[in-house]
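Chains as they are written, first to last, in my numbering: chain A, 2 to 409; chain B, 276 to 904.
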């Protein structure tokens with residue numbers, strides 16, 4: 002039997018927040034096998050880690066910073082919030098492990114997965130779900146490493162830890178403590194079954210072009226030049242990428258096209274889309290969020306793009322971003338064995354960029370998710386990159402919403 | 276549906292549901308076969324032989340091994356059954372993994388693992404992906420292992436789910452079979468098997484049929500047709516008709532989805548009534564059906580049947596007290612001359628249906644090689660158009676609007692031209708409709724706005740800052756609020772919104788949705804002008820004109836052509852003119868091509884502005900400003 006509980010407190014002082022958290026946790030009768038903890042980046046990680054480790058000695062642990070706090074079935078936690086999701090499941094197995102990513106993120110991810118499986122006492126077994134939380138920047142390499150072990154035989158879902166003002170102050174929390182360049186991997190063998198969904202709230206606006214040049218990609222000295230893939234798009238259809246993209250967006254970047262700099266806020270409603278396949282002729286897209294205009298009109302992005310890929314200009318609006326969260330949560334609950342009636346709770350990853358764009362209407366997002374999950378306990382974190390399963394494949398994308406539903 | 280987002284969502288949900296149903300039906304089938312195999316053998320036979328035969332293909336595995344504890348006490352495990360005879364009788368040490376399985380867990384391994392506890396047998400040497408499931412055999416704990424070959428990938432979560440169902444049922448079956456069954460136990464098992472069989476049949480039906488009409492769905496009709504065609508002897512004739520209801524969207528929009536659904540059910544029933552027992556029908560998407568006529572002797576006989584179907588659909592449908600009229604456009608392809616399999620026949624019948632739709636809506640077209648060529652030309656044009664958009668081969672041309680009396684330029688209509696890589700200039704008639712169907716118009720409009728934005732200072736220098744530029748917006752574009760917000764914002768950002776008019780057809784104002792309530796106020800607020808294009812050809816609804824504010828009425832060329840010789844057109848023109856005057860809209864005559872037409876307009880009407888080849892042929896902007904755009 003699986004049972005979930007969520008606890009959220011909001012207080013700018015970490016010590017006071019933890020003291021409130023301790024009181025709330027004491028009122029809950031649950032011995033979790035997995036503890037997820039997400040918090041506003043202004044909090045002190047070591048205090049949070051100390052509290053969680055001491056209070057839940059035997060539980061697998063995964064977490065990290067979340068842009069602007071967390072959300073739960075109680076609503077939006079807001080600035081200064083810390084959220085705990087406690088998953089109790091006497092008949093299941095759970096384990097987590099953490100690594101610093103270092104120069105070879107794929108290798109490190111593979112090691113972390115094996116370590117998490119060993120921690121769950123399930124070495125060599127295929128988990129039902131792999132849940133990851135990591136530092137932004139090397140998500141594709143992390144997924145590649147994990148896929149070396151499990152392929153696409155089980156879903157890999159998670160998010161990239163986020164700070165409050167995109168200045169690199171993001172951290173990850175694993176069983177050994179906090180990290181700034183880390184990856185935490187949790188493996189879940191739930192006795193109640195798991196449902197999941199990974200979607201976005203954007204539609205193509207009509208414009209598209211071919212990526213004709215990407216930024217320099219080190220080849221690890223192998224001498225083999227594979228198809229280039231990088232987080233910098235230098236040219237689209239042979240023209241400086243930023244100029245083409247500015248045209249597509251109707252000139253939202255005109256003021257920064259020459260000066261360069263961060264364009265995260267301007268581009269949240271106009272991300273780039275990559276065709277991930279068709280269902281009955283209708284295309285599905287993975288999103289890539291451009292975040293900077295660099296030298297010579299190059300665009301930096303939060304996900305890698307391969308040279309020769311056709312990219313599409315996408316368009317979103319607030320209403321869709323609000324409604325979509327509820328729809329993704331409902332889809333995950335529906336995918337459970339036994340459907341949404343078997344729901345024990347959920348875990349939501351909502352893009353931090355979308356959260357900033359939705360702004361003061363964010364409580365509606367929390368309410369939409371809560372309604373879709375039948376008011377069962379859930380925890381939502383806000384991230385700078387999302388990982389999930391699209392058309393039978395594990396991928397990394399931006400501006401996405403990922404939901405995991407746990408069966409009873 | 277609101278848009279691609281909702282369509283995508285519906286498709287994903289449908290695919291998931293059908294996938295789930297098919298999987299469940301497959302699982303139920305497997306469980307039944309395996310259960311039958313266990314229950315039907317008498318005491319001397321090996322109950323596992325039939326079970327293995329049922330399991331191995333479904334799990335796509337090469338070996339199955341059943342291990343049980345040697346005694347009721349815990350200890351090493353013994354292989355009591357396997358499809359690999361050399362393994363039977365082998366002894367296995369119960370390690371951590373096997374203990375978990377014996378305790379009730381189902382698990383599958385990653386591909387390269389230590390196979391702890393395995394005996395040293397040639398048959399088992401090396402790492403193989405394995406799926407373990409608990410299996411109670413008589414009074415002992417046991418398990419079944421399924422192994423894949425070394426070069427195969429591992430099992431996935433779907434296999435684990437299926438193994439869970441099988442494990443439970445098989446343990447029950449074995450327990451009941453080997454403990455001398457009481458009558459009640461025997462009855463319970465029989466009942467279980469019957470329930471499973473009924474559930475399998477129900478699931479199979481649901482997975483294969485459209486829930487609204489009860490007709491075979493897209494994948495099942497394909498399966499049925501291919502199965503039928505595979506057994507046809509040479510000389511047989513079969514025809515596949517593709518039927519698309521005409522203007523079904525309007526029924527949904529006007530009467531609502533409930534009525535639309537009832538109409539689809541009515542259509543399905545009427546089709547059923549018209550076909551023979553040997554024919555087949557399937558519903559392959561919203562308003563698309565496939566009918567297979569099997570067999571037929573002569574084409575004349577087939578034509579008569581298809582025409583009868585078409586005529587039946589045109590009779591009114593009585594739905595909730597109302598008579599609803601519809602029709603179906605039909606295309607027909609013949610087996611074997613037009614294709615040997617379902618996909619080819621459907622694609623050719625679809626092409627013929629498309630011809631019906633565009634030329635003779637509500638009738639029937641038979642596929643022909645010439646139509647096939649047209650289809651591939653259309654596909655080629657589609658490819659070229661997509662490339663043209665990404666290569667930005669669309670260019671702006673301007674056609675002057677002039678004062679009829681003085682020929683002074685008062686503005687321009689912005690027109691699109693496709694200049695391909697060979698320099699050939701294609702007029703809109705050659706590509707615009709298809710571009711609209713392909714959803715490329717928004718991208719083309721973006722390019723038009725880009726070019727106009729860049730050229731405006733140079734155009735100002737030639738024609739003055741007062742010249743007005745009219746941008747064409749299709750009805751489909753006009754009802755997309757986000758797109759129109761972008762267009763309006765882009766023009767407003769130029770700082771000169773008063774120099775631009777949006778030319779909209781009457782259909783835009785009629786369309787249900789948000790145009791009149793959201794988009795029109797947006798255009799007005801930004802200071803752009805509104806022109807009603809092609810006036811006199813569409814609905815020309817006075818009620819609509821009363822509700823909207825527009826600046827200009829453009830009288831369609833069909834009314835202007837030879838106006839001096841056509842008294843009826845003259846009367847209509849007078850009415851439009853007076854309408855324009857009373858609503859304070861300027862009236863402009865399109866398609867003025869002869870001096871006689873101009874003379875009539877000047878001397879017999881109050882219309883002051885005209886546009887047409889008599890004054891100016893559209894000219895590329897790059898030629899007007901003398902530099903590339």
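The beta carbon of each residue, even a glycine, is placed where N, CA and C say it ideally should be.
Quantities reported herein were computed from a predicted structural model and do not represent experimental measurements.
* Within its chain, find whatever has a CB closer than 6 Å to the CB of residue 700/B; leave out the 5 residues flanking it on each side and keep chain order. => Reading the second chain from its first residue, position 425 is the one you call residue 700/B. Correct list, in chain order: 692 and 694.
* When you compare only the Cα positions, how much space is there between residue 221/A and residue 150/A? -> Numbered from 1 along the first chain, position 220 holds the residue referred to as residue 221/A. Numbered from 1 along the first chain, position 149 holds the residue referred to as residue 150/A. Caution applies to residue 221/A, whose pLDDT of 42 falls short of 50 and renders its modelled position unreliable; the value that the coordinates give is listed next. Going from the Cα of residue 221/A to the Cα of residue 150/A covers about 21 Å.
* Take residue 744/B as the anchor and find which of 704/B, 774/B, 518/B and 418/B has the nearest alpha-carbon. => In the second chain, residue 744/B corresponds to position 469, counting from 1. When only C-alpha atoms are compared, the closest one is 774/B.
* Look at the alpha carbon of residue 3/A and the alpha carbon of residue 334/A, and state the distance between them as a whole number of angstroms. => Position 2 of the first chain, counted from the first residue, corresponds to residue 3/A. Position 333 of the first chain, counted from the first residue, corresponds to residue 334/A. Each residue's alpha carbon lies about 14 Å from the other.
* Under the three-state reduction of DSSP, which class applies to residue 530/B: helix, strand or coil? -> Residue mapping note: residue 530/B aligns to position 255 of the second chain, counting from 1. In the structure shown, residue 530/B sits in a helix (DSSP, three-state: H, G or I).
* Would you verify that the beta carbon of residue 761/B is, or is not, closer than 8 Å to some beta carbon of chain A? => Mapped onto the second chain, residue 761/B falls at position 486. Yes, its Cβ sits closer than 8 Å to a Cβ of chain A.
* **Against chain B: residues of the segment 22-44 of chain A by CB proximity under 9 Å** => none
* Proximal chain A residues relative to residue 665/B, where beta-carbon distance stays under 7 Å -> Taking the first residue of the second chain as 1, we reach residue 665/B at position 390. In chain order: 209, 210, 211 and 238.
* What did DSSP end up calling residue 218/A once you bin it into helix, strand or coil? -> Counting from one through the first chain, the residue named residue 218/A turns up at place 217. Bear in mind that the predicted position of residue 218/A carries a pLDDT of just 49, short of 50, making it unreliable; the figure below should be weighed with that in mind. If DSSP states are grouped into helix, strand and coil, residue 218/A belongs with coil.
* For the alpha helix (DSSP H) that contains residue 630/B, what are its first and last residues? -> Within the second chain, residue 630/B is the residue found at index 355, counting from 1. Residues 617-634.
* Does the separation of the CB atoms of residue 300/B and residue 478/B fall below 8 Å? -> Position 25 of the second chain, counted from the start, is the residue given in the question as residue 300/B. Position 203 of the second chain, counted from the start, is the residue given in the question as residue 478/B. Against a cut-off of 8 Å, the Cβ pair of residue 478/B and residue 300/B comes out as a contact.
* Asked: Just to confirm, are residue 292/A and residue 263/A a CB contact at a threshold of 8 Å?
  -> Position 291 of the first chain, counting from 1, holds the residue named residue 292/A. Position 262 of the first chain, counting from 1, holds the residue named residue 263/A. Yes.
* Asked: Is the Cβ-Cβ distance between residue 783/B and residue 824/B less than 8 Å?
  -> Sequence index remark: in the second chain, residue 783/B carries index 508 (1-based). Sequence index remark: in the second chain, residue 824/B carries index 549 (1-based). No, they are not a contact pair.
* Asked: With residue 807/B and residue 828/B assumed to form a contact (beta carbons below 8 Å), what rounded beta-carbon distance in angstroms separates them?
  -> The count along the second chain starts at 1 and reaches residue 807/B at position 532. The count along the second chain starts at 1 and reaches residue 828/B at position 553. That belief holds up - the Cβ atoms of residue 807/B and residue 828/B are roughly 5 Å apart, short of 8 Å.
* **Listed by chain order, chain B residues near residue 248/A by CB distance under 8 Å** => Counting from 1 along the first chain, the entry for residue 248/A is found at position 247. The answer, in chain order, is 721 and 725.
* Asked: For the segment 119-171 of chain A, which segments carrying the alpha helix (DSSP H) assignment without a break, of at least 4 residues, lie completely within its bounds, in sequence order?
  -> 140-151
* Are the Cβ atoms of residue 408/A and residue 344/A separated by less than 8 Å? -> Residue 408/A sits at position 407 when you count from the first residue of the first chain. Residue 344/A sits at position 343 when you count from the first residue of the first chain. Yes, Cβ-Cβ distance for residue 408/A and residue 344/A is below 8 Å.
* Can you name the residues of chain D whose CB is closer than 8 Å to the CB of residue 824/B? -> Checking the listed chains, one finds no chain D in this structure; the protein chains it contains are A and B.
* Asked: When the Cα atoms are used, what is the spatial distance from residue 630/B to residue 290/A?
  -> If you number the second chain from 1, residue 630/B lands on position 355. If you number the first chain from 1, residue 290/A lands on position 289. Going by the C-alpha atoms only, they are around 43 Å apart.
* **Neighbourhood of residue 836/B by C-beta, 8 Å cutoff - its chain only, sequence neighbours within 5 removed** => Your numbering for residue 836/B matches position 561 in the second chain. Counting only Cβ-Cβ distances below 8 Å, and skipping sequence neighbours, we find 866, 868 and 872.
* **Run of the alpha helix (DSSP H) containing residue 581/B, from where it starts to where it stops** => Within the second chain, residue 581/B is the residue found at index 306, counting from 1. Run containing residue 581/B: 574-589, per the alpha helix (DSSP H) assignment.
* Between the segment 239-252 of chain A and the segment 751-770 of chain B, are three or more C-beta pairs nearer than 8 Å? -> yes
* Asked: Helix or strand or just coil, what does DSSP make of residue 390/A?
  -> For the purposes of this step, residue 390/A is taken as residue 389 along the first chain, with counting starting at 1. It is a strand residue.
* To do: Taking all protein chains shown into account, decide if residue 405/B is buried (16 or more other Cβ within 10 angstroms of its Cβ) or exposed.
  => Locating residue 405/B in the second chain gives position 130, counting from the first residue. Residue 405/B should be labelled buried.
* N- and C-terminal bounds of the alpha helix (DSSP H) containing residue 320/A -> As a working mapping, residue 320/A is identified with position 319 in the first chain. Per DSSP, residue 320/A belongs to the alpha helix (DSSP H) from 319-335.
* From residue 40/A to residue 237/A, what distance separates their C-alpha atoms? -> Along the first chain, one-based indexing puts residue 40/A at 39. Along the first chain, one-based indexing puts residue 237/A at 236. Between residue 40/A and residue 237/A, the C-alpha separation is close to 38 Å.
* Quick one: using the 10 Å Cβ neighbour count with 16 as the cut-off for buried, is residue 403/B buried or exposed? => For this step, residue 403/B is matched to residue 128 along the second chain. So residue 403/B ends up on the buried side.
* Asked: Excluding sequence positions up to five away, which residues of its chain have a Cβ less than 7 Å from the Cβ of residue 297/B?
  -> As a first step, residue 297/B must be located in the second chain, where it is residue number 22. Counting only Cβ-Cβ distances below 7 Å, and skipping sequence neighbours, we find 482.
* **Distance between residue 287/A and residue 522/B (C-alpha atoms, nearest Å)** => Along the second chain, read from residue 1 onward, the residue named residue 522/B stands at position 247. Along the first chain, read from residue 1 onward, the residue named residue 287/A stands at position 286. Each residue's alpha carbon lies about 34 Å from the other.
* **residue 698/B versus residue 659/B: straight-line alpha-carbon distance, rounded** => As a position in the second chain, residue 698/B is number 423, starting the count at 1. As a position in the second chain, residue 659/B is number 384, starting the count at 1. One C-alpha to the other measures close to 14 Å.
* C-alpha gap between residue 228/A and residue 141/A, whole angstroms -> Position 227 of the first chain, counted from the start, is the residue given in the question as residue 228/A. Position 140 of the first chain, counted from the start, is the residue given in the question as residue 141/A. Confidence at residue 228/A is low in this model, with a pLDDT of 49, below 50, so the placement of that residue is unreliable and no value is reported for it.
* Work out the CA separation of residue 398/B and residue 338/B for me, nearest whole Å. => Position 63 of the second chain holds residue 338/B. Position 123 of the second chain holds residue 398/B. About 10 Å.
* Can you grab the Cα-Cα spacing for the pair residue 353/A / residue 82/A, in whole Å? => For this step, residue 353/A is matched to residue 352 along the first chain. For this step, residue 82/A is matched to residue 81 along the first chain. About 15 Å.
* Among 259/A, 214/A, 261/A and 233/A, nearest to residue 239/A - alpha-carbon criterion -> Taking the first chain and counting its residues from 1, one reaches residue 239/A at position 238. Out of 259/A, 214/A, 261/A and 233/A, 214/A has the C-alpha closest to the C-alpha of residue 239/A.
* **Contacts that residue 621/B makes with chain A (C-beta to C-beta distance below 8 Å)** => Along the second chain, one-based indexing puts residue 621/B at 346. Within chain A, no residue comes near residue 621/B; the closest Cβ sits about 13 Å away, beyond 8 Å.
* Taking the alpha carbon of residue 270/A as the point to measure from, which residue in 279/A, 377/A and 319/A has its own alpha carbon closest? -> Against the first chain, residue 270/A aligns to sequence position 269. Nearest C-alpha to residue 270/A: 319/A.
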